[in-house]
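Everything on this sheet refers to the single structure shown next.
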Amino acid sequence: MRSILTILAVIGGLTPFAHGQSPELTGDSAFIRAIYDEALARGEAHENLRQLTKDIGHRLSGSQSAFDAMDWGQGVLEGYGADSVWVMPVRVPSWTRGTIAQATAHIDGTEYPLHVTALGGSVGTPNDAPLRAQVIQVKSLEQLRTLPRASVEGRLVLFNRPMDPVLINTGAAYGGAVDQRGRGAVAAAQAGAVGALVRSMTHALDTLPHTGAMYYQEDTDSVPSAAISTVDASWLANQLMEHPDLEVMLEMNCRAFPDVEQGNVIGEWRGSELPHEIITLGGHLDSWDIGEGAHDDGAGIVHTLEVLRILKALGYTPRRTIRFVLFINEENGNRGGKTYAARAQEDHATTELRYVAALESDAGGFVPRGFRIDAADEPTALIRSWSPLFEPYNVHQFRRGGAGVDIGPLKALTPRPAMMGLSPDGQRYFDFHHSSQDVFENVHKRELELGAATFAAAVYLLDQHLPSLGKAD
Ligand SMILES: [Zn+2]
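Final position of the sequence shown in our numbering is 473; the numbers increase by one with none missing.
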């Protein structure tokens, strides 16, 4: 604790409590206040996000821009003073959307354009030529399985179950609908259909198709699968009631290529007291290839980088080793997260390194509300006891929940690391998610900065207060 008091003496002149407004702040409260001051007064998260989204752009795994983002991330980590920066190689899928993604409904001789885009990983339409078929609507994979084969064969299946609007947790609403996107094409093909149209994963009624991952199965034909906007999906469902024989023409020329070697970009700041105990924090560098991956997950990347900058600016000396990880390939495979966890398993088995905690920011750059905690009972209680420290910043949700896809595979470690996911307000996240609107302009500078400060405060508290595993064996 002495090092913190020294730091506060040095930076005291910059903080509000030095002016007598909040004279009672001491210890953790004072250091956390200093973290927020640094993020809000001299933050670089917003400018870093501008560079990532505007200078580089979207960053699909395997693409040149993902390579560019890896170089950029290494440069920022080095510039912020990480002790060492390296790339952990990961083989990632390579897929391109192509130049054509169009669909039209044909009703009584009239053509109506529909807003569609390929789901990530989809094959194109056969021979990249237009495919024309009748449409059958279902609300679930289960419903599709109950239909007579003759009513599905040769058709396009419209998966049209909306995200549940009454769930306050929008992530849960997403989770409740996204099986249609991930497994719709396989289910459609197994039922004899020629393709799938999937209602976009958003609460918004908009004309934007929202893309996302879908997967094929080896024993099943690969049929094309496209996201259709919510407005078009609802319109098509209405038209089907009056015109059950209407046809949709779909044309896409996306395709897959051999895997590419990219990697997780890692910056390490070595611990002073417990260097063999590792705290991992991160977000994912890859994004979908429409929009700019600003909320998903440019925000998490610049949050992660900002934690290093803030703690360095405050003269902090970490007790443990802190790893800043810019994961690759969260969106369509999570191979970055899996590779990182496999290495951690190896380290646990063969070295004295112990991965004691992991944090992720991958829920957008919105105003922070709290954390999702994924840990054993004791560390969960410890983390919850910090809630009053965050009250001054309107951060108060300390709930159990999944901490993040990239760090998820670390759960399998023994002992299990304490995991925390930054939990921003999620009400508007899916307005932007995986769409052309996930751009820099839709991230609010101050909300982004508050998220970075909240993330940094959690890293600081874990470093200071998580009980040590003791000397390595
Ligand atoms: Zn994400």
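Note that beta-carbon positions come from the ideal geometry of N, C-alpha and C, so glycine has one too.
All values derive from a computational prediction rather than experimental measurement.
Cα-Cα separation, residue i to residue j
i      : j      : result
Ala150 : Leu382 : 58 Å
Gly370 : Gln397 : 4 Å
Ala344 : Thr351 : 10 Å
Thr96  : Ala256 : 6 Å
Gly195 : Ala213 : 16 Å
Phe455 : Leu462 : 11 Å
Asp164 : Tyr174 : 8 Å
Gly271 : Arg323 : 10 Å
Arg155 : Val248 : 9 Å
Asn394 : Trp386 : 13 Å
Gly176 : Val85  : 39 Å
Ala457 : Ser29  : 10 Å
Ile328 : Ala39  : 26 Å
Ala349 : Ala342 : 11 Å
Val356 : Ala191 : 47 Å
Gly233 : Glu330 : What sits at residue 233 in the sequence shown is Ala, not Gly. If I take the Cα positions, the gap works out to 27 Å.
Glu306 : Arg91  : 27 Å
Tyr340 : Pro113 : 44 Å
Gly337 : Leu141 : 28 Å
Leu158 : Ala189 : 13 Å
Met252 : Ser222 : 14 Å
Ile107 : Asn332 : 36 Å
Arg181 : Tyr216 : 11 Å
Gln21  : Val76  : Legend: pLDDT at Gln21 = 48, less than 50; position of this residue unreliable, value from coordinates given subsequently. Between Gln21 and Val76, the C-alpha separation is close to 35 Å.
Ala101 : Gln143 : 27 Å
Ile243 : Leu131 : The amino acid at residue 243 is misidentified as Ile; the sequence shows His. Near 19 Å, if we compare the C-alpha coordinates of Leu131 and His243.
Phe31  : Gln464 : 11 Å
8 Å contact criterion, which residue i and residue j should meet: CB distance rounded
i      : j      : result
Leu422 : Pro379 : Not confirmed; about 17 Å, so no contact.
Asn264 : Met419 : In fact, because the Cβ distance is near 17 Å, the residues do not count as touching under 8 Å.
Asp245 : Leu60  : That pair is no contact at about 38 Å.
Glu292 : Asp438 : 6 Å
Tyr429 : Ala363 : 7 Å
Val178 : Met201 : 6 Å
Gly404 : Pro424 : The Cβ separation is near 13 Å, so there is no contact.
Thr321 : Trp269 : 7 Å
Asp296 : His433 : 6 Å
C-beta atoms of residue i and residue j nearer than 7 Å
i      : j      : result
His203 : Ser435 : no
Val529 : Thr207 : In the structure as shown, the chain starts at 1 and stops at 473, and residue 529 therefore has no counterpart that could be examined.
Gly98  : Cys254 : yes
Phe390 : Glu447 : no
Leu250 : Thr117 : no
Ala294 : Phe440 : yes
Leu205 : Val459 : no
Gly73  : Ser94  : no
Gly267 : Gly283 : no
Ala66  : Gln262 : yes
Leu410 : Ala358 : yes
Arg400 : Glu44  : no
Ala105 : Val152 : no
Close beta carbons around residue i, own chain, < 6 Å, minus the five adjacent residues each side
i      : result
Glu273 : Arg319
Ala69  : Ile56, Arg59 and Leu285
Leu52  : Gly298
Arg384 : Phe398
Ala227 : Thr117, Leu119, Val198, Ser200, Pro209, His210 and Thr211
Counted within 10 angstroms of its Cβ, other Cβ atoms place residue i as buried (16 or more) or exposed
i      : result
Thr110 : exposed
Thr414 : exposed
Met241 : exposed
Val325 : buried
Asn48  : buried
Gln137 : buried
Pro258 : exposed
Ile35  : buried
Ala474 : Given that the chain is displayed from residue 1 to residue 473, the structure contains no residue 474 and the question cannot be resolved.
Gly79  : exposed
Glu360 : buried
Arg335 : buried
Ile278 : buried
Thr482 : No statement about residue 482 is possible, as the shown extent of the chain runs from 1 to 473 and does not include it.
Thr146 : exposed
Leu466 : buried
Asp71  : exposed
Close beta carbons around residue i, own chain, < 7 Å, minus the five adjacent residues each side
i      : result
Ser225 : Leu119, Ser122, Gly184, Ala185, Gly195, Ala196, Val198 and Met214
Arg416 : Ala376
His276 : Glu352, Leu353, Arg354 and Ala472
Lys139 : Asn160 and Arg161
Cutoff 8 Å; reference residue i; Cβ partners in own chain excluding five residues on either side
i      : result
Gly402 : Arg372, Asp374, Gly408 and Gly421
His46  : Val302, Val443, Lys445, Leu448 and Glu449
Ala237 : Gln137, Leu158 and Asn160
Ser287 : His58, Arg59, Leu60, Gly293, Asp296, Asp297, Gly298, Glu331 and Asp438
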